[in-house]
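Trainee: Per my numbering, the sequence shown runs over residues 55 to 305.
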Amino acid sequence: MVDFVGAGSGAADLITLRGKTLLENADVIIYAGSLVNPELLKYARDDCEIHNSAKMTLNEVISVMESAEKRGKNTVRLHTGDPSLYGAIREQMDRLAALGIPYEICPGVSSFCGAAAALKAEYTLPEVSQTVIITRMAGRTAVPESESIESLAQHNSTMVIFLSAGMTGELSERLIRGGIAPETPAAIVYKATWEDEKIVRCTVGTLESSARENGISKTALITVGNFLGNDYALSRLYDESFETEFRKAKK
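#1: How close, in whole Å, do the beta carbons of LEU150 and MET119 come, if the pair is a contact with beta carbons under 8 Å?
#2: Helix, strand or coil for LEU71 per DSSP?
#3: Within the chosen definition, does the stretch 286-304 reach the stretch 199-208 through at least 3 CB pairs nearer than 8 Å?
#4: Which word fits ASP57, buried or exposed, when buried means at least 16 other C-beta atoms lie within 10 angstroms of its C-beta?
#5: DSSP on CYS167, reduced to helix/strand/coil?
#6: What separation, rounded to the nearest whole angstrom, lies between the Cα atoms of LEU225 and GLU297?
#7: Leaving out five residues on either side along the sequence, give the residues of the same chain with a beta carbon under 6 Å from the beta carbon of LEU217.
#8: Can you grab the Cα-Cα spacing for the pair GLY269 / ILE187, in whole Å?
#9: Can you tell which of ALA61, PRO92, ALA171 and SER183 has the C-alpha that lies nearest to the C-alpha of LEU139?
#10: Going residue by residue through the stretch 100-153, where are the continuous beta strand (DSSP E) segments of at least 3 residues, counting only ones entirely within it?
#11: In the stretch 168-252, which residue ranges form an unbroken alpha helix (DSSP H) of at least 4 residues, counting only runs that do not cross its ends?
#12: Straight-line CA distance for THR195 to ALA142?
#13: Three-state secondary structure (DSSP) at TYR286?
#14: Spatial neighbours of THR273 within its chain, please: C-beta separation below 6 Å, excluding the five flanking residues on both sides.
#15: Sorted by chain position, which residues of the same chain lie with C-beta nearer than 6 Å to LYS74's C-beta, five sequence neighbours on each side aside?
#16: Taking 8 Å as the limit between beta carbons, can you name the residues of its chain near MET221, skipping five residues before and five after?
#17: With DSSP run on the structure shown, which of helix, strand or coil describes LEU275?
#18: Run through DSSP, which three-state label would GLY64 get?
#19: Straight-line CA distance for ALA169 to LEU275?
#20: Output the boundary residues of the beta strand (DSSP E) element that contains GLU262.
#21: Is the distance from the Cβ of ASP81 to the Cβ of CYS102 below 8 Å?
#22: Report the option in SER295, ALA241 and HIS209 whose CA atom is closest to the CA atom of ALA219.
#23: How close, in whole Å, do the beta carbons of SER88 and ALA66 come, if the pair is a contact with beta carbons under 8 Å?
#24: How about ILE69 and THR129: do their beta carbons lie closer than 8 Å?
#25: What is the DSSP secondary structure of PHE296, counted as helix, strand or coil?
#26: Spatial neighbours of GLU237 within its chain, please: C-beta separation below 6 Å, excluding the five flanking residues on both sides.
#27: State yes or no: is the C-beta of HIS133 within less than 8 Å of the C-beta of VAL59?
And the structure:
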């Protein structure tokens, strides 16, 4: 059996209870060493076989899983954040299915949730934004043309941009080209929920200079939108005049 486990956004105690239990019971752990907090490996048994996938190819990862399965071992594939976001798990699951190896997925706390917590922010403020766009800049992994930064920026929704901290100059230009004003609030969240977390508040127009001044070029999320401002409407759900299934409206 192979369990794909979301390690959470960084802090070792932000893994789910289920994920922690799976780590404690694993015979084999394959973890994303370039991103996963190594503190999580303290949950593993002393006799657990541990592999760092940062040094492995897809074929090598699958080979370890196949070998473990033949030996009747339980394997945990430990991915950063939630494995469904930029986790490259589909290609692994397809290979396991072809080999007849059963697998399950244990969700995790994504770094975009960790970033919001670090910012003490709400992405979906009434009358500001009710949509969160999660995306990335094109790098060595291409992005469909229909999902270009410019086209997504036209919505003026909350944006959370992964894997782009080293391209803040181009990102800023493309956001502005898409219609987002240079003075729109932005924040760079470096290693959200880790001990060395760092928050840099800026604007879309100052993303590049802010990242450079703070020495940030990787392992950071960029958030953009007026959710970072101070103007918003109160939720109708808790308004005295708003009646729900559980509460009568007050006159």
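Quick reminder that beta carbons are idealized off the backbone N, C-alpha and C, glycines included.
Mentor: For this structure:
#1: By 1-based counting over the sequence shown, the position of residue 150 is 96. By 1-based counting over the sequence shown, the position of residue 119 is 65. Rounded, the Cβ-Cβ distance is 7 Å, consistent with contact.
#2: One-based indexing of the sequence shown puts residue 71 at position 17. It is helical.
#3: no
#4: Counted from its first residue, the sequence shown places residue 57 at position 3. If you draw a 10 Å sphere on the C-beta of ASP57, you find 16 or more other C-beta atoms in it, and that means buried.
#5: Position 113 of the sequence shown, counting from 1, holds the residue named residue 167. The answer is helix: DSSP assigns CYS167 an H, G or I state.
#6: Position 171 of the sequence shown, counting from 1, holds the residue named residue 225. Position 243 of the sequence shown, counting from 1, holds the residue named residue 297. Roughly 44 Å separates the two Cα atoms.
#7: The residue you call residue 217 lines up with position 163 of the sequence shown. These residues qualify, in order along the chain: ARG190.
#8: Taking the sequence shown and counting its residues from 1, the one referred to as residue 269 is at position 215. Taking the sequence shown and counting its residues from 1, the one referred to as residue 187 is at position 133. Roughly 26 Å separates the two Cα atoms.
#9: Residue mapping note: residue 139 aligns to position 85 of the sequence shown, counting from 1. It is ALA61 whose Cα lies nearest to the Cα of LEU139.
#10: 103-106 and 129-133
#11: 203-207 and 222-231
#12: Taking the first residue of the sequence shown as 1, we reach residue 195 at position 141. Taking the first residue of the sequence shown as 1, we reach residue 142 at position 88. Their backbone Cα atoms lie some 11 Å apart in a straight line.
#13: If you number the sequence shown from 1, residue 286 lands on position 232. Residue state, collapsed to three classes: coil.
#14: Numbered from 1 along the sequence shown, position 219 holds the residue referred to as residue 273. The residues are LYS245.
#15: As a first step, residue 74 must be located in the sequence shown, where it is residue number 20. Taken in chain order, the residues that qualify are TYR97.
#16: For this step, residue 221 is matched to residue 167 along the sequence shown. Result list for MET221: MET191 and GLY193, in chain order.
#17: Locating residue 275 in the sequence shown gives position 221, counting from the first residue. Strand, per DSSP.
#18: Indexing the sequence shown from 1 puts residue 64 at position 10. The answer is coil: DSSP assigns GLY64 none of H, G, I, E or B.
#19: For the purposes of this step, residue 169 is taken as residue 115 along the sequence shown, with counting starting at 1. For the purposes of this step, residue 275 is taken as residue 221 along the sequence shown, with counting starting at 1. Using only the alpha carbons, I get a separation of about 7 Å.
#20: Here residue 262 corresponds to residue number 208 of the sequence shown, with the count starting at 1. Element bounds for GLU262: not the beta strand (DSSP E) but the alpha helix (DSSP H), 261-267.
#21: Along the sequence shown, one-based indexing puts residue 81 at 27. Along the sequence shown, one-based indexing puts residue 102 at 48. Yes, Cβ-Cβ distance for ASP81 and CYS102 is below 8 Å.
#22: Indexing the sequence shown from 1 puts residue 219 at position 165. Closest option to ALA219, Cα to Cα, is ALA241.
#23: Within the sequence shown, the letter at position 34 stands for residue 88. Within the sequence shown, the letter at position 12 stands for residue 66. Between SER88 and ALA66 a beta carbon distance of about 17 Å is seen, past the 8 Å cut, so the two are scored as non-contacting.
#24: On the sequence shown, position 15 is the one that residue 69 refers to. On the sequence shown, position 75 is the one that residue 129 refers to. In this structure, THR129 does not lie closer than 8 Å to ILE69 by Cβ.
#25: If you number the sequence shown from 1, residue 296 lands on position 242. Reduced to three states, the DSSP call for PHE296 is coil.
#26: What you label residue 237 is simply residue 183 of the sequence shown in a count that begins at 1. Within the same chain, THR257 come within 6 Å of GLU237 by CB-CB distance, once the 5 residues on both sides are set aside.
#27: The residue you call residue 133 lines up with position 79 of the sequence shown. The residue you call residue 59 lines up with position 5 of the sequence shown. In terms of Cβ geometry, HIS133 and VAL59 form a close pair [threshold 8 Å].
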